[in-house]
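The UniProt record's numbering puts the first residue of the sequence shown at 1, with every later residue one more than the last. Just so it is clear, CB atoms sit at the ideal spot from N, CA and C, and this is done for glycine as well. Before any comments, here is the structure.
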Amino acid sequence: MSKIIYMDYAATTFIKDEVLEEMMPYLKGFFGNPSSQYSIGLRSKMAIESSRDNISSAINCKSDEVFFTSGATEADNWAIKGFAYANKNKGDHIITTKIEHEAILSTCRYLEEEGFKVTYLPVDGEGFVNLDQLIDSITKDTILVSIIYGNNEIGTIQNIKEIGKICNEKNITFHSDAVQALGKVPIDVKDSNIDMLSMSSHKIYGPKGVGALYVKKGLKLHNILHGGGQERGKRGGTENVASIVGFGKAVEISMNTMKDEVERLSFLSNRMIEKLLEIEGAFLNGPEGEHRLANNINLGFRGVYGEDLVFNLDREGICVSSGSACQATSMEPSHVLLALGLSRELSKSSIRLTIGENTTEENVDYVCEQINNIVNRIRTVRK
Ligand SMILES: *Cc1c(COP(=O)(O)O)cnc(C)c1O
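This is how it looks when you write it as C-alpha cells:
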C-alpha cells in the first residue's frame with residue numbers, strides 16, 4: 001500500500017513532533033521518581049506540575065483541581081463510581097444519556113448491578129438532549145448528571161452551559177466527558193458549572209495511556225486506585241511522567257491553534273458533507289452547522305453496508321470507521337445511531353469520517369470520489 005489517508009482522528013491521533021520532543025528528556029535523561037527528594041526527582045515533579053498548569057488554564061480551573069489518570073476511560077470510571085460511592089448517603093439516582101461513550105455506559109450499567117438507579121436520557125434526531133426532559137427526570141434521589149460534551153460518533157455538541165445551570169440550581173453534581181470537545185470547543189468549567197470533566201491525551205495529538213479528570217474543589221470522591229500518596233493522595237501509582245508532559249504540551253498547542261484549526265476543519269468537513277450528500281440515497285447523521293464538532297462527518301448510504309465501505313476504502317489506503325473504534329468490530333449497529341431513531345438497517349449503512357491536522361482539501365475531494373465509486377460499485381453488484 002502506498003500513501004495512507006487517515007480519516008479516523010476521533011479514534012486516535014498521531015503524536016505531534018513538538019509533543020514528542022518535549023517528552024524525550026523524561027524518557028531518557030530525567031528518569032527520576034517525582035516523589036523522590038533529590039534534584040532529578042524534583043525535575044520530574046516540576047514537569048508534571050507545569051503540565052497540570054497547562055490543562056487547568058485550558059479549561060479554566062485551578063491547578064490542584066486536575067488529576068492525572070491513565071486515560072479518559074479511567075477518568076470516566078473514577079468520576080461516576082468514585083462519586084456514586086462517596087455520595088450514596090445523599091441518593092442513588094444517576095442521569096446520563098443513551099449516546100455516551102462505552103466508558104460511561106458500562107460504568108453506569110455496573111452501578112445498576114450495585115443497586116444504583118440510572119436514567120438514560122433519549123436524544124432527538126440530531127443527538128441533542130431535551131432540557132425539559134432532563135429537568136423532568138430529576139428526582140429527590142438524583143446525585144449526579146453525566147452528559148457527553150461533544151459526541152464521538154455524530155459530533156453533536158450539547159448545550160453544556162444550560163445543562164450546567166440546571167444541575168447547579170438543583171444542587172446536583174454535573175460531570176461531562178469532554179474527550180472529543182477538548183481542543184475543538186472552548187471549555188470553561190467555571191462558567192458552565194461543570195463539577196467534573198474527563199479528558200484524554202491521544203485524541204489531541206498527545207501520547208496514549210494518559211488523561212485527566214478535573215474535580216471541583218470540595219467535591220467528595222472515593223479513590224478508584226488505592227496506593228501511594230501521588231496526585232495528592234487521590235490516585236496512587238508512580239506518575240507516567242513523560243506522557244503527562246506530552247499531554248500538557250499537546251493541550252498547550254491545541255489551545256494556541258484551536259481557533260484557526262477549527263475554522264479550517266469546518267471548511268473541510270462542510271465541503272465533504274456537501275459532496276457526499278450528492279450521492280444518491282446518502283443521508284447525514286447528527287446536526288448541521290455550528291453545534292457539530294468541526295472534524296466530524298457521519299453519513300449513511302442506503303443499500304450499502306458501512307462495513308463494506310470501510311473494507312473497500314481500506315483497500316484504497318483510506319482509514320475510516322463504521323462506528324466508534326471501540327465498537328467497530330462488534331457487528332452490532334451503533335447505539336448512538338439507534339438513539340437518533342435510525343432503523344438497524346440504516347444504522348448499519350453509516351460510516352464516520354473524522355479529519356484532523358494532516359487532512360487537506362485534496363484528500364477530502366479524493367476520498368469523496370472514492371466513496372462515490374465504491375458505493376456505486378457495491379450497488380451495481382447487489383442489483
Ligand atoms: C476515546 C474516548 C474515550 C476513552 O478515552 P481513552 O483515553 O482512550 O481511555 C472516552 N470518551 C470519549 C468520548 C472518547 O472519544
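_Limits of the unbroken alpha helix (DSSP H) element including Asn295_ = No alpha helix (DSSP H) contains Asn295, which DSSP labels as neither H nor E.
_Lys88: CB within 8 angstroms of a non-hydrogen atom of ligand 1_ = no
*Cα-Cα separation between Ala10 and His93, rounded to whole angstroms*: 31 angstroms
*Excluding sequence positions up to five away, which residues of its chain have a Cβ less than 8 angstroms from the Cβ of Phe128?*
Thr156, Gln158, Asn159, Pro287, His291
*If you draw a straight line from the alpha carbon of Ala328 to that of Asn54, how long is it in whole angstroms?*
With a pLDDT of 49 at Ala328, under the threshold of 50, the modelled position of that residue is not reliable, and no figure is offered here.
*Cα-Cα separation, Gly125 to Ile135*: 20 angstroms
*Three or more C-beta pairs closer than 8 angstroms, one from the segment 348–357 and one from the segment 247–254: is that the case here?*
no
*Roughly how many whole angstroms lie between the Cα atoms of Ala282 and Thr380?*
16 angstroms
*Any 3 or more C-beta pairs closer than 8 angstroms across the segment 140–149 and the segment 82–100*: yes
*May I ask you to report which of helix, strand or coil DSSP gives Met331?*
coil
_Span of the beta strand (DSSP E), counted from its first residue to its last, around Ser178_ = For the record, residue 178 in the displayed sequence is Ala; it is not Ser. Looking at the DSSP string, Ala178 is not in any beta strand (DSSP E), and its letter there is neither H nor E.
*Kindly indicate the opening and closing residues of the alpha helix (DSSP H) around Ser200.*
That residue, Ser200, is in no alpha helix (DSSP H); its beta strand (DSSP E) goes 196–200.
*State whether the segment 52–72 contacts the segment 198–205, with contact taken as three or more CB pairs (one from each stretch) at a distance under 8 angstroms.*
yes
*asked:* So the candidates are Ile163, Thr119, Tyr6, Glu169; which of them puts its Cα closest to the Cα of His175?
replied: Ile163
*Please check the pair Leu299 and Leu268, which I expect to be a contact at CB under 8 angstroms, by giving their CB distance rounded to whole angstroms.*
Incorrect: roughly 15 angstroms between the Cβ atoms, too far for contact.
*What residues in its chain sit with their C-beta under 6 angstroms from that of Gly206, if we drop five residues either side in the sequence?*
Val19, Gly246, Phe247, Ala250
*Roughly how far, in whole angstroms, is the beta-carbon of Tyr214 from the beta-carbon of Glu357, given that I think they are within contact range, below 8 angstroms?*
The Cβ separation is near 25 angstroms, so there is no contact.
*Give the single residue among Thr139, His335, Gly227 whose Cα lies nearest to the Cα of Pro122.*
His335
*Note the first and the last residue of the continuous alpha helix (DSSP H) segment covering Ala47.*
39–59
*Which of helix, strand or coil does DSSP assign to Val118?*
strand
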